[in-house]
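Asker:
In my numbering, the protein residues as written are 548 to 671.
#1: According to DSSP, is residue 624 part of a helix, a strand, or is it coil?
#2: Kindly indicate the opening and closing residues of the alpha helix (DSSP H) around residue 613.
#3: What first and last residue would you give for the alpha helix (DSSP H) that runs through residue 639?
#4: By the three-class DSSP mapping on this structure, what secondary structure does residue 658 have?
#5: Suppose contacts are defined by Cβ-Cβ distances below 9 Å. Is residue 592 in contact with residue 600 by that definition?
#6: Relative to the C-alpha of residue 578, which residue among 636, 605, 554 is closest?
#7: Cα-Cα, which of 568, 551, 565 is closest to residue 580?
#8: So within the region 549-595, which uninterrupted alpha helix (DSSP H) runs reach at least 4 residues, ignoring any that extend past its ends?
#9: Use the C-beta contact count for residue 557: other C-beta atoms within 10 angstroms, 16 or more gives buried, fewer gives exposed.
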């Protein structure tokens, strides 16, 4: 039964997200993740994680959460395919600083990795 409850929460989260009710959607995702984790339903757990990332991007776009000037600059360079080391050299910062900026951009944009930054930047 916990898997079915998890599915119900996942579907409820999708419906809430469709209505831009991010608070309710986030609550349902948390419940779904808990159910899937306790039952070992890894595929469904992955679906819930993907929805949480997508929701973060939608929420950021809807609420106007934006990247700082430097985060956007680094994200755009990463989207063009530059490595952290190349970006660091061009901006006169450490590769670790670039890594931090890329990580924050990924989190704020709600994308799974740096490869997905380009498509998300095109939408914002």
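Beta carbons are placed, not taken as given, at the ideal position from N, Cα and C, and that holds for glycine.
Answerer: On the basis of the coordinates in this document:
#1: Counting from one through the chain shown, the residue named residue 624 turns up at place 77. Helix, per DSSP.
#2: Residue numbering aside, residue 613 sits at position 66 when the chain shown is read from its first letter. Here residue 613 belongs to no alpha helix (DSSP H), and DSSP marks it neither H nor E.
#3: Taking the first residue of the chain shown as 1, we reach residue 639 at position 92. Here residue 639 belongs to no alpha helix (DSSP H), and DSSP marks it neither H nor E.
#4: As a first step, residue 658 is located in the chain shown; it is residue number 111 there, counting from the start. DSSP places residue 658 in coil when its eight states are reduced to three.
#5: Start at 1 with the first residue of the chain shown, and residue 592 comes out as number 45. Start at 1 with the first residue of the chain shown, and residue 600 comes out as number 53. Contact: no.
#6: Stepping through the chain shown from its first residue, residue 578 is reached at position 31. Minimum Cα distance to residue 578 is reached at 554.
#7: One-based indexing of the chain shown puts residue 580 at position 33. Out of 568, 551, 565, 551 has the C-alpha closest to the C-alpha of residue 580.
#8: 549-565, 569-586
#9: Position 10 of the chain shown, counted from the start, is the residue given in the question as residue 557. Buried: at least 16 other Cβ atoms inside 10 Å.
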